[in-house]
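Be aware that the sequence shown starts at 2, since it is given in this note's numbering, and climbs by one per residue.
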Amino acid sequence: MDDEEGLVMPLYWSCQDLQNKLGQENVDRRDCIIKSIEENLEKFSKYSDKISFPSDMTWFNVERPIDRSSLDGLITVLDFFTYCCINCMHILPDLEKLEALYPTGLSVVGVHSAKFENEKSEAQVEHAIHRYNIEHPICNDKSLSLWNNLGVTCWPTLLLLSPSGAPIHVFIGEGHSVFLFEFVQTAIKYFKDLGELKEGRIPRSIHGKAGGSSLKYPGKLALYKQYLAISDSGNNRVVIVDTNSCPMAVVLVAGSGDRGRKDGQATSASFNNPQGVCWVGENVLMIADTDNHLIRQINIKTKQVLTVGGTGSQGTDKEGGKLGIHQEISSPWDICKLNEDVVFIAMAGIHQIWMYCLDDVDWWKGAEHSAGTLVRVAGSGAEENRNNSYPAKVGFAQPSGLSVDLGFSPSGALYIADSESSTVRRLDLKDGAVKNVCGGERDPTNLFAFGDQEGAGINAKLQHPLAVAWNNARSELYIADSYNHKIKKVTGAKNETVSLLGTGEPGDILGDSKTARLCEPGGLCVSGDGDLLYIADTNNHSIKVLDLNTQTLSKLQLQFPGPKEVHDNIITHKIESGFGSGEVALTGNLKTPEYKLNPEGPSSWSIEFNPRDSWTGPEAGEIKSNLLSIQLNGSVSKPATLSLSLKLYLCNKSTGVCIARKVLHQIEIIPCEGASRVEKLDLGSLPIF
C-alpha cells in the first residue's frame with residue numbers, strides 16, 4: 002500500500018470486501034464485522050498519527066479544543082462534511098440517533114471541510130450549526146489539513162476510529178444508515194469485551210439558540226395579494242403576514258415550533274425545516290417540508306395543516322409517478338405554481354425537478370397524470386451541470402429555487418437556482434429543454450466553477466445561489482447569490498448578469514443598495530406591481546424589502562399576536578411640509594437637569610414608517626449620547642406618520658437611582674401647498690416624563 006495514496010481509498014476497498022462477504026448466504030454477520038475490524042487494525046494502525054487536529058482550528062459545541070488524546074477510549078465517528086451539501090444534511094439525523102442510542106463510549110466529531118470560499122468563515126459555520134441543530138463537536142478545517150492528510154475525496158465521508166485511534170471502517174456518501182448502526186453496535190461490544198472502551202464521551206458546551214428576533218433563519222417567501230408567506234425554517238413553522246398593516250401584522254402562525262410531522266390544527270401541527278412556500282389559491286398554501294421529505298398544505302380559512310405528498314421517508318425513486326401520500330420524495334427545497342393544475346418542486350435531495358398534480362394533467366408526449374400524483378419533470382438524478390434538449394438527460398446539482406415566467410416562448414419557462422453548480426438554468430415548458438442562464442462553465446462535471454463576477458451567460462459567476470424570482474412587470478430575473486451575500490439581476494436576450502444589492506461582504510446594513518449588506522439570503526419574491534423585491538435575509542433572521550425604484554433596502558417590522566408594547570408616554574408632533582423628496586435629518590435632545598443616560602443600560606431607538614413606501618432609512622439603533630440624529634430619506638406626496646420609539650435606561654444625577662422609560666413620538670407629516678419642504682425634523686428637547 003502506497004502512503005501517497007492516503008488512507009481513505011485503501012480503507013474503502015477493504016471495507017468493500019466486508020460488504021461482499023455480508024452479501025453471501027449463511028454468514029455470521031457479527032463474526033465478519035469483527036474479523037474486518039481486526040484486519041483493518043493491523044493494516045491501518047500506522048495512520049493513527051495522521052489523525053490529529055491542528056492547534057489553529059476553531060471548535061464549536063465544546064468548552065475547549067479537542068486533541069487526539071480526547072478520543073482515547075472511545076469509538077469515534079469523524080464526519081467530513083460541508084454545510085452546503087444536501088447529502089451531508091441527509092446523514093445528520095442518523096448521527097443524532099446514533100448518539101442518542103449510545104450516550105457513552107461513542108463520540109461523533111464533525112470535521113467541516115469547506116467546498117465554497119464562503120463556507121470557510123467561522124461565523125457562517127456557526128450559523129450552519131445553529132440552523133441544522135448540530136450538538137456534537139465540530140471543528141472548522143478551513144485549510145483542509147485533515148481532508149488532505151487522509152485522502153478524503155468526497156462529502157460526506159464517515160471515518161470510524163477504534164478506542165486507540167486506529168481507522169477501522171469508512172463510509173463514503175449517504176445511504177448507509179442500517180449498516181452504520183450494525184457496525185457501531187458490534188464495535189462497541191467488541192472493544193468493551195476487550196476492556197478498551199471507557200465510559201462517557203467528550204464534554205460539550207452546546208451553543209445557545211440563535212436569533213433574538215421573531216424569525217429564525219427564514220428560508221423562502223411567497224406573496225398573494227397583500228399576504229406574504231414566510232417559511233420560518235429555524236423555528237419549524239410558517240408565518241403569514243398582512244403587508245398592508247403597519248407594523249405588519251402576523252395573521253397566522255402554522256407550526257408549534259417543535260420538530261415533527263403532525264397534521265391538524267395550525268397551532269399544534271409541526272414541521273421540520275420547512276423551506277419552499279407557494280400559494281395555490283386564496284386560502285391554500287403549499288409547503289416544501291424539507292427535512293420531513295413531505296409536501297404539506299395549509300388551509301388559511303380552516304387553519305388546518307394536511308400532508309398531501311411524500312411518506313416521510315427519504316425517497317430514492319428517480320421518476321415518481323405514484324399518488325402523493327404513497328410516493329417517497331427527497332428534500333424538497335422549493336415549490337412554485339405553474340397554473341391551476343401543476344406546481345413544480347425543486348427536489349434537492351435527488352437533483353431533479355418534479356411536479357405535483359393539483360388536478361388531472363395532460364403532460365408532454367401525451368402522458369396523463371391523475372390529481373395528487375408526484376412525478377419527475379426533468380433531471381437524470383446525476384449530480385451535474387448538464388444542459389440538454391431531453392429533460393430526462395439533464396443533470397442538476399441540488400436545485401434549490403424556482404420561479405415561473407409565463408411570457409417566455411409559447412408555453413413559458415421555469416427558472417432554476419441550481420446551488421451546487423452555482424448556476425441559474427432555464428427549463429422551456431414547451432418541451433423540457435434546459436439551457437444555461439448564467440454561472441458555471443461548459444464542462445458539465447465541474448461543480449467548482451463559482452465566483453463573484455458580472456457578465457453574460459457562463460462569463461458571470463455565482464456562489465451557491467438559493468433562490469430566483471421573475472419580475473414580469475420589468476422583465477427581469479433576480480437571483481439570491483447566497484454565498485456572495487448579494488442579489489443579482491439578469492436582463493436581455495444575452496442574459497447580462499449584474500449586481501443589484503450587496504457589497505459581497507456579510508452584514509446587516511440597510512439603506513442604499515450599493516452599501517447595504519445581507520448574510521446568505523435564501524428566498525425571494527416580487528410584489529404584484531413589480532416595484533418591491535422581498536428578501537429572506539436568512540442569517541440575519543429577517544425579511545428585507547428592496548424598493549426597485551429608489552434602490553433602497555428596508556426591513557419588515559413584524560407584529561406577532563400578543564400584547565402590544567406599552568409606552569410610558571406618547572407625544573404627537575404635527576409638521577407641515579411642502580411637496581418633494583430628499584434627505585431629512587431627524588434630531589432631538591435627551592438632556593435633562595435630573596437624569597443622565599445609564600452607560601451600562603442598552604438604550605435604543607426604533608422607527609416605523611406609515612405608509613412605508615414614502616419614507617426610508619435605518620429602522621433601529623443604539624442611543625449612546627444625549628443628541629439623537631437619524632438620517633432619513635422622505636417623499637412628501639401624501640400624509641405620513643413616523644413612529645419614533647425610545648427605550649431609555651436612566652440614572653438620577655443626585656440620588657443614583659436608575660429607571661427605565663419607554664417614550665413614543667408620533668411625528669405626523671402633513672403635505673401643504675406653498676410651504677417649504679422640510680429638510681430637518683428637529684424635535685427639540687425630548688421629554689422623558
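Just so it is clear, CB atoms sit at the ideal spot from N, CA and C, and this is done for glycine as well.
Lys-87 and Ala-349: beta carbons closer than 7 Å? Residue mapping note: residue 87 aligns to position 86 of the sequence shown, counting from 1. Residue mapping note: residue 349 aligns to position 348 of the sequence shown, counting from 1. The amino acid occupying residue 87 in the given sequence is Ile; Lys does not appear at that position. The answer is yes: Cβ separation under 7 Å.
Boundaries of the alpha helix (DSSP H) in which Asn-692 is found, first to last residue: Because residue 692 is not part of the residues shown, which for the chain are 2 to 690, the question remains open.
Cα separation between Leu-557 and Gly-413? Indexing the sequence shown from 1 puts residue 557 at position 556. Indexing the sequence shown from 1 puts residue 413 at position 412. Those two C-alpha atoms are separated by around 32 Å.
Am I right that Leu-159 and Pro-168 are in contact with their C-beta atoms under 8 Å? What's the rounded C-beta distance? Within the sequence shown, residue 159 is the residue found at index 158, counting from 1. Within the sequence shown, residue 168 is the residue found at index 167, counting from 1. About 11 Å separates the two Cβ atoms, so there is no contact after all.
Would Ser-465 and Tyr-484 qualify as a contact pair, given that the criterion is a beta-carbon distance under 7 Å? Here residue 465 refers to the residue found at position 464 of the sequence shown. Here residue 484 refers to the residue found at position 483 of the sequence shown. According to the sequence shown, residue 465 is His rather than Ser. Yes.
Segment contact, 8 Å Cβ cut-off, at least three pairs: the region 533–550 with the region 565–584: no
Beta carbon of Leu-335, beta carbon of Gly-261: below 7 Å? Taking the first residue of the sequence shown as 1, we reach residue 335 at position 334. Taking the first residue of the sequence shown as 1, we reach residue 261 at position 260. One detail in the question is off: residue 335 reads as Asp in this sequence, not Leu. In this structure, Gly-261 does not lie closer than 7 Å to Asp-335 by Cβ.
Since Glu-609 is in the alpha helix (DSSP H), which residue starts that stretch and which ends it? Here the question's residue 609 lines up with position 608 in the sequence shown. Segment 605–611 is the beta strand (DSSP E) holding Glu-609; no alpha helix (DSSP H) there.
Neighbourhood of Lys-199 by C-beta distance below 6 Å, restricted to the same chain and skipping five residues each side: By one-based count along the sequence shown, residue 199 stands at place 198. Gly-74.
Comparing alpha-carbon positions, which option in Asn-293, Asn-245 and Ala-223 lies nearest Trp-280? Counting from 1 along the sequence shown, the entry for residue 280 is found at position 279. When only C-alpha atoms are compared, the closest one is Ala-223.
Inter-stretch contact at 8 Å, needing at least 3 Cβ pairs: the region 114–127 / the region 143–158: yes
Hey, how far is the Cα of Val-664 from the Cα of Leu-629? One-based indexing of the sequence shown puts residue 664 at position 663. One-based indexing of the sequence shown puts residue 629 at position 628. Distance between the alpha carbons of Val-664 and Leu-629: 14 Å.
Beta-carbon proximity of Tyr-650 to Asn-599, cut-off 7 Å: For this step, residue 650 is matched to residue 649 along the sequence shown. For this step, residue 599 is matched to residue 598 along the sequence shown. Yes, these two residues count as a Cβ contact at 7 Å.
Express the C-alpha separation of Asp-264 and Ile-296 in angstroms, rounding to a whole number. One-based indexing of the sequence shown puts residue 296 at position 295. One-based indexing of the sequence shown puts residue 264 at position 263. Ile-296 and Asp-264: Cα-Cα distance of roughly 12 Å.
Taking DSSP as the reference, what is the three-state secondary structure of Thr-291? Your numbering for residue 291 matches position 290 in the sequence shown. In this structure, Thr-291 counts as helix in the three-state DSSP scheme.
Taking the alpha-carbon positions, what's the Leu-195 to Ser-165 distance? Your numbering for residue 195 matches position 194 in the sequence shown. Your numbering for residue 165 matches position 164 in the sequence shown. So the two alpha carbons sit approximately 12 Å from each other.
Whole angstroms is fine: what's the gap from Ser-686's alpha carbon to Pro-594's? Translated into the one-based positions of the sequence shown, residue 686 becomes position 685. Translated into the one-based positions of the sequence shown, residue 594 becomes position 593. One C-alpha to the other measures close to 12 Å.
Given that a residue counts as buried once 16 or more other Cβ atoms are within 10 Å of its Cβ, and exposed if not, what is Lys-210? Residue mapping note: residue 210 aligns to position 209 of the sequence shown, counting from 1. Since pLDDT at Lys-210 reaches only 43, below the 50 mark, its modelled position is unreliable, and no value is offered.
Given this structure, state the Cα-to-Cα distance separating Gly-707 from Tyr-535, to the nearest angstrom. Residue coverage of the chain in this structure runs from 2 to 690, which leaves residue 707 outside it and unanswerable.
Kindly indicate which three-state DSSP category Tyr-191 falls into: helix, strand or coil? Here residue 191 is taken as the residue at index 190 of the sequence shown, counted from 1. The answer is helix: DSSP assigns Tyr-191 an H, G or I state.
Taking buried to mean at least 16 other C-beta atoms within 10 Å of its own C-beta, is Lys-545 buried or exposed? Start at 1 with the first residue of the sequence shown, and residue 545 comes out as number 544. Lys-545 is buried by the Cβ-count criterion.
Under the rule that 16 or more other beta-carbon atoms within 10 Å means buried, what is Ala-700, buried or exposed? Here the chain has residues from 2 to 690 only, and residue 700 is not among them.
Using the three-state DSSP reduction, which class does Lys-592 fall into: helix, strand or coil? If you number the sequence shown from 1, residue 592 lands on position 591. Three-state DSSP puts Lys-592 in coil, outside helix and strand.
Between Asp-683 and the rest of its own chain, which residues show a CB-CB distance below 6 Å, the 5 nearest in sequence each way excluded? The count along the sequence shown starts at 1 and reaches residue 683 at position 682. Correct list, in chain order: Thr-588.
Give the DSSP-derived three-state secondary structure of Ile-707 in the structure shown. With the chain covering 2 to 690 only, the question about residue 707 has no answer from this structure.
Three Cβ pairs or more, each shorter than 8 Å: is that satisfied between the region 623–638 and the region 664–674? yes
Is there at least one non-hydrogen atom of the ligand ATP closer than 6 Å to the beta-carbon of Gly-176? Inclusion of the ligand ATP in the displayed structure is not the case, the ligand content being empty and no account of it being possible.
What are the start and end residues of the beta strand (DSSP E) that includes Val-126? Locating residue 126 in the sequence shown gives position 125, where the first residue counts as 1. No beta strand (DSSP E) contains Val-126, which is instead part of the alpha helix (DSSP H) from 123–132.
DSSP-derived helix/strand/coil call for Lys-681: Walking along the sequence shown from the start, residue 681 turns up at place 680. Lys-681 falls in the strand class under three-state DSSP.
Does the distance from the CB of Glu-477 to the CB of Lys-490 come in under 7 Å? Along the sequence shown, one-based indexing puts residue 477 at 476. Along the sequence shown, one-based indexing puts residue 490 at 489. Yes, they are a contact pair.
If the criterion is Cβ atoms closer than 7 Å, does the pair Pro-445 and Arg-387 meet it? By 1-based counting over the sequence shown, the position of residue 445 is 444. By 1-based counting over the sequence shown, the position of residue 387 is 386. Yes. Within cutoff.
Which value, in whole angstroms, describes the spacing of the CA atoms of Gly-524 and Val-378? Position 523 of the sequence shown, counted from the start, is the residue given in the question as residue 524. Position 377 of the sequence shown, counted from the start, is the residue given in the question as residue 378. Taking the straight line joining both Cα atoms gives about 23 Å.
Along the alpha helix (DSSP H) that carries Trp-14, what are the first and last residues, could you check? Taking the sequence shown and counting its residues from 1, the one referred to as residue 14 is at position 13. Residues 9–23.
Contact check, Val-585 vs Leu-633 under 8 Å by CB: the rounded distance? Your numbering for residue 585 matches position 584 in the sequence shown. Your numbering for residue 633 matches position 632 in the sequence shown. That pair is a contact at about 5 Å.
In three-state DSSP terms, what is Gly-213? Locating residue 213 in the sequence shown gives position 212, counting from the first residue. In this predicted model, Gly-213 has a pLDDT of only 41, less than 50, meaning its place in the structure is not dependable enough to derive any value.
Given a threshold of 16 other Cβ atoms within 10 Å of its Cβ, counted over all protein chains shown, does Phe-81 qualify as buried or as exposed? In the sequence shown, counting from the first residue as 1, residue 81 sits at position 80. So Phe-81 counts as buried.
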